[in-house]
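Below: the structure, in structure tokens.
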Amino acid sequence: MSFISVQFGYNQQEVFNTNCEIAPLLDAIHTKAYKKMRALLTEKEEFFNKEVAGMKKEQGALEKKLEKLEIPPEAPKPPTVVSPQKKKGGKGKKKTKE
């Protein structure tokens, strides 16, 4: 019995038995190689989508911080001076001597 090693994709390989006709062997190579590459690509795509989503969240948070830094705070208002008002004799309690 003889075997062959087929390398495909990015550092992927599969071992096949050559004790069969050529057409089924080529079909098996094509099918297995395609399935493995597709599975690896799907896994990588999911990983990158998660990374992109995480980066977008981080970007949104950083943009909010930047907006807070760019908007100048309002200048403090000068304290208002309240002039003392004179009491007018009128209604109120009168002090009496005892």
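Each residue of the sequence shown is one higher than the last, beginning at 230 in the numbering used here.
We treat Cβ as the ideally placed atom computed from N, Cα and C, and that holds for glycine.
Output yes or no for whether 9 angstroms exceeds the beta carbon distance between residue i and residue j.
i	j	result
VAL235	ALA262	yes
LYS265	PHE237	yes
Less than 7 angstroms between C-beta atoms, sequence neighbours within five positions excluded: which residues of the same chain meet that for residue i?
i	result
GLN242	SER234, VAL235, GLN236
ILE258	VAL235, PHE245
PRO301	none
LEU254	PHE245, THR247
What three-state label does DSSP hand residue i in the structure shown?
i	result
GLU250	coil
ILE258	helix
VAL281	helix
GLU303	coil
GLN236	strand
Kindly list the residues whose CB is nearer than 8 angstroms to the CB of residue i, restricted to its own chain and excluding five residues on each side of it in sequence; keep chain order.
i	result
LEU269	GLY238, TYR239, GLN241
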